[in-house]
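**Student:** Have a look at the structure that comes next, please.
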Amino acid sequence: MGWLGHEGSFYDDLSVRENLVFAARALERPLDEVASVVDRVGLTSRMNTTSRQLSAGQRRRLGLAWLLLRRPQLWLLDEPYASLDDEGRSFFDAMLGDVVASGATVVVSAHDPLRSAALAPRTLTMAGGRIVGDS
Amino acid sequence: MIRVALLVAAKDLRIEARSRVLLWQVVPFGVMALLLSGLALGPSNAGHSNAGPGLFYLVNLLVALLMINRSQAVERTPGTRASIATLGLDPAGVFLGKSLALAVELWTSGAVLLAGAVLFLHTALHGALVALPSVVLVLAALACAGTLYGALTAGDGATATLLPVLALPAFAPLLIAGERSFSAALHGGGLWEWWVIILVALAAYLAAGILLYGVLEES
Chain F
1 MGWLGHEGSF
11 YDDLSVRENL
21 VFAARALERP
31 LDEVASVVDR
41 VGLTSRMNTT
51 SRQLSAGQRR
61 RLGLAWLLLR
71 RPQLWLLDEP
81 YASLDDEGRS
91 FFDAMLGDVV
101 ASGATVVVSA
111 HDPLRSAALA
121 PRTLTMAGGR
131 IVGDS
Chain H
136 MIRVALLVAA
146 KDLRIEARSR
156 VLLWQVVPFG
166 VMALLLSGLA
176 LGPSNAGHSN
186 AGPGLFYLVN
196 LLVALLMINR
206 SQAVERTPGT
216 RASIATLGLD
226 PAGVFLGKSL
236 ALAVELWTSG
246 AVLLAGAVLF
256 LHTALHGALV
266 ALPSVVLVLA
276 ALACAGTLYG
286 ALTAGDGATA
296 TLLPVLALPA
306 FAPLLIAGER
316 SFSAALHGGG
326 LWEWWVIILV
336 ALAAYLAAGI
346 LLYGVLEES
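Quick note, the sequences are listed as chains F and H, same order. In terms of the numbering used here, the first sequence opens at residue 1 and continues consecutively. In terms of the numbering used here, the second sequence opens at residue 136 and continues consecutively.
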């Protein structure tokens, strides 16, 4: 299971590379996967930037890279689109599309309906802590 | 377990090297506390006082409390704890790694404070060097107990208050044994009985941490 919150989920004083190398070593993944996932999420130019210095969208991409390293079967994403501009949202949609296509299950909690219907074959609408819609 | 311990220790030390909290905040605080202790004893009395070892360990304890809070705080930024939990790291390895990193930080500050004790409290240099091995062991045991109690109190709004209160029974024997062995190194007397107490405490806190850290993290 992998989880990504909207706050960012890593060590603020470590760089993009150091955060991902830590995760790769913890997961016993080959270190060359780090460069590959960083490239995939478009953070190659920010490799040596500390996570504290990243923008909200870049932090979200770092979280995504962390999850790509983990390769979980179940992805739990808490408001992944918060603070993202249109380009960031499109990028996230494309990445999640790839993840879903690879056979993983993605659960997204969001205030707004997902823009791509292909990403949300099932949408539960909640109000006051109760499910009020299921489509 | 050892692999995870080294990974976590390297990560914590890298964060410390990057943030420089120890270098720019904690060590200067410790040096100032020692300097003020020397002034409180009175410049003419500092060299003749038996309070040097006790003051040295008191300042080390204050430094340790700051560093324990810091060590736990880096894991508590929003989202980080949940994310790290999904990595499935062995809790015993995490405890050993965090304790090792904290011990290295305390050894670093301890070396500066030992020099400060010689300078400001006029502690005999030869005695300070004889006491060095016991200082290393006491600080290692403080690091283990501190990591354990730090995890116990982390996440609570009153961590800074709770930690010294809850950890006092664990820290007190270490401080007494450390002060006694330092005094014995300075003024003569049996060292070994205090070494045994320090070693037993170190082994006990290591064992307790390895067994209980996972439970504390879960709760």
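Ideal placement from N, C-alpha and C gives every residue a C-beta, glycine not left out.
Based on Cα-Cα distance, which residue from H/Gly313, H/Ala343, H/Leu321 lies nearest to H/Trp329?
**Tutor:** Ranking the options by Cα distance to H/Trp329, first place goes to H/Gly313.
**Student:** Between the beta-carbon of H/Ala336 and the beta-carbon of H/Ala280, is there less than 9 Å?
**Tutor:** Taking 9 Å as the Cβ cut-off, H/Ala336 and H/Ala280 qualify as a contacting pair.
**Student:** Check whether the stretch 294 to 301 of chain H and the stretch 319 to 329 of chain H touch, using three or more Cβ-Cβ pairs below 8 Å as the test.
**Tutor:** Counting Cβ pairs under 8 Å, fewer than three are found: no touch.
**Student:** Buried or exposed for F/Arg122, going by 16 or more other Cβ atoms inside 10 Å?
**Tutor:** Exposed, since its Cβ has fewer than 16 Cβ neighbours within 10 Å.
**Student:** With distances taken between CB atoms, is the gap from F/Ala26 to H/Leu224 smaller than 9 Å?
**Tutor:** For F/Ala26 and H/Leu224, yes; Cβs fall inside 9 Å.
**Student:** Note the first and the last residue of the continuous beta strand (DSSP E) segment covering F/Ser109.
**Tutor:** It spans 105 to 109 - the beta strand (DSSP E) in which F/Ser109 sits, taken as one unbroken run.
**Student:** Starting from F/Leu74, trace the beta strand (DSSP E) both ways and give me its first and last residue.
**Tutor:** Note, F/Leu74: beta strand (DSSP E), 74 to 78.
**Student:** Beta strand (DSSP E) containing F/Thr125: first to last residue?
**Tutor:** That run of the beta strand (DSSP E) goes 124 to 127.
**Student:** Mind listing the chain H neighbours of F/Arg70? Cutoff is C-beta to C-beta under 9 Å, in chain order.
**Tutor:** Those are Thr221, Leu222, listed as they occur along chain H.
**Student:** Looking only at its own chain, which residues have a Cβ that is under 6 Å from the Cβ of H/Ala144, when we skip the five neighbours before and after it?
**Tutor:** Answer for H/Ala144: Gly232, Leu235, Ala236, listed in chain order.
**Student:** Is it true that the CB of F/Phe10 sits closer than 9 Å to the CB of F/Leu69?
**Tutor:** It is not a contact, given that the beta carbons lie outside the stated cut-off.
**Student:** Between F/Met1 and F/Gly97, what straight-line distance do the alpha-carbon atoms span, to the nearest angstrom?
**Tutor:** Distance between the alpha carbons of F/Met1 and F/Gly97 is about 18 Å.
**Student:** Do you know how far the Cα of H/Met202 is from the Cα of H/Gly251?
**Tutor:** Approximately 19 Å between the Cα atoms of the pair.
**Student:** Pull out every residue of the stretch 143 to 156 of chain H whose Cβ sits closer than 8 Å to any Cβ of chain F, in chain order.
**Tutor:** Under the 8 Å Cβ criterion, the stretch 143 to 156 of chain H contributes Lys146, Arg149, Ile150, Arg153, Ser154.
**Student:** Measure the alpha-carbon distance for F/Val100 versus H/Tyr192 and round it to whole angstroms.
**Tutor:** So the alpha carbons of these two residues sit roughly 58 Å apart.
**Student:** Let me make sure I understand the geometry here. Which of H/Glu352, H/Thr243, H/His261, H/Gly262 has the alpha-carbon closest to that of H/Gly165?
**Tutor:** With distances taken between Cα atoms, H/Gly165 lies closest to H/Thr243.
**Student:** Just by C-beta distance, which residues in the stretch 19 to 35 of chain F are closer than 8 Å to chain H?
**Tutor:** Taking 8 Å as the Cβ-Cβ cut-off against chain H, the residues of the stretch 19 to 35 of chain F that qualify are Phe22, Ala23, Arg25, Ala26, Leu27.
**Student:** Taking the beta carbon of F/Gln73 as the centre, do at least 16 other beta carbons fall within 10 Å, making it buried, or is it exposed?
**Tutor:** Classification of F/Gln73: exposed, given that the 10 Å Cβ count is below 16.
**Student:** Judging by CA-CA distance, which residue of H/Ala307, H/Val273, H/Arg216 is the nearest neighbour of H/Leu241?
**Tutor:** The candidate whose alpha carbon is nearest that of H/Leu241 is H/Val273.
**Student:** Since H/Asn234 meets chain F, which of its residues come closer than 7 Å, beta carbon to beta carbon?
**Tutor:** The question names Asn, yet the displayed sequence has Ser at residue 234 of chain H. Simply none; closest approach about 18 Å.
**Student:** Within 9 Å of any Cβ in chain F, is that where the Cβ of H/Thr243 sits?
**Tutor:** Chain F contact via Cβ: absent.
**Student:** Could you give the first and the last residue of the continuous alpha helix (DSSP H) run that contains H/Gly324?
**Tutor:** Taken as a continuous stretch (DSSP letters only), H/Gly324 belongs to no alpha helix (DSSP H), as it is neither H nor E.
**Student:** Thinking C-alpha only, which one of F/Met126, F/Gly128, F/Gly5, F/Val132 is nearest F/Ala56?
**Tutor:** Among F/Met126, F/Gly128, F/Gly5, F/Val132, the Cα nearest to that of F/Ala56 belongs to F/Gly5.
**Student:** Pull the bridge partners of F/Gly133 from the DSSP assignment, please.
**Tutor:** In DSSP, F/Gly133 forms a bridge with F/Thr125.
**Student:** Starting from H/Gly228 and walking both ways along the alpha helix (DSSP H), at which residues does that stretch end?
**Tutor:** That run of the alpha helix (DSSP H) goes 226 to 255.
**Student:** How is the beta strand (DSSP E) around H/Leu200 delimited, first residue to last?
**Tutor:** Where H/Leu200 is concerned, there is no enclosing beta strand (DSSP E), although the alpha helix (DSSP H) it sits in stretches over 187 to 208.
**Student:** Have a look at F/Asp13 and F/Thr50 and give me their C-alpha separation to the nearest angstrom.
**Tutor:** Distance between the alpha carbons of F/Asp13 and F/Thr50 is about 6 Å.
**Student:** So, does the CB of F/Leu182 fall closer than 9 Å to a CB anywhere in chain H?
**Tutor:** Here chain F covers residues 1 to 135 and nothing more, so residue 182 of chain F does not appear.
**Student:** Let me see if you follow: with CB-CB separation under 9 Å, is H/Thr212 close to chain F or not?
**Tutor:** For H/Thr212, the answer is yes, since a Cβ of chain F falls inside 9 Å of its Cβ.
**Student:** Taking the CB atoms as reference points, tell me whether H/Val271 and H/Gly245 lie closer together than 9 Å.
**Tutor:** Yes.
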